[in-house]
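Residue numbers (this note's numbering): -17 to 158. Cβ atoms here follow ideal geometry from the backbone N, Cα and C, with glycine treated the same way. Bear in mind that the values here come from a model prediction, so they are computed numbers and not experimental data. Structure record follows, encoded as structure tokens.
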């Protein structure tokens, strides 16, 4: 499995108890959707290695997991801090203006108000206030809040997101 075919699920943060359980931080909107997960890919030395899950207890973003063949606290130590992935093929298809952050990297943002292309999405930043689209405009990084009221249309075929932005939002960054 290639990393490009997967999405980031979370991270193993620390051991839990003495029998090989670990605490996993899940970087997902709905952790409860993962209660029946039977395997994950663990990134070890830039390779994705599959691991079977014996048991998982979802407790919000922090969950307790027990992997097959890891039976002591000492055996968990090499896994602490490693990233977890799942294949993108297991994600349900979204409709309308809903999207997964990993899928929109490279999409073009278009502002319906100004009738102008803003730029290509280079990254999406998770933030405590609002998550943000990051685009380059005239060699300046512009951060646009991901707000449902701003998103008019998502065109998957054209890899384009149509926004209705407040006047001056982009110019705050681009006009000194």
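Practice problem: Identify every residue that forms a DSSP beta bridge with residue 93. | Solution: 98 and 145
Self-check item: Sequence-distant residues of the same chain with beta carbon closer than 8 angstroms to residue 66, five excluded per side
Solution: -10, -9, -8, -7, -6, 6, 22, 23, 24 and 25
Quiz item: So, is residue -3 buried or exposed, given that buried needs 16 or more other C-beta atoms within 10 angstroms?
Solution: buried
Practice problem: Report the three-state DSSP secondary structure of residue 57 (helix, strand or coil). | Solution: helix
Quiz prompt | residue -5: first and last residue of the uninterrupted alpha helix (DSSP H) it sits in | solution = Run containing residue -5: none in the alpha helix (DSSP H); it sits in the beta strand (DSSP E), -12 to -2.
Quiz prompt | residue 93, buried or exposed, once every other Cβ within 10 Å from all chains shown has been counted against 16 | solution = buried
Quiz prompt | From 139, 58, 152 and 51, residue whose alpha carbon lies closest to that of residue 116 | solution = 152
Quiz prompt | Pairwise C-alpha distance: residue 43 and residue 163 | solution = This structure leaves residue 163 out entirely; the chain is present only between -17 and 158.
Practice problem: Go through its chain and collect everything with a Cβ distance to residue 134's Cβ below 6 angstroms, but skip five positions before and after it. | Solution: 94, 144 and 146
Quiz item: Hey, would you say residue 120 sits closer than 8 angstroms to residue 156, going by beta carbons?
Solution: yes
Practice problem: Indicate whether residue 136 and residue 126 have their beta-carbon atoms separated by less than 8 angstroms. | Solution: no
Self-check item: Residue interval of the alpha helix (DSSP H) (run including residue 154)
Solution: 153 to 156
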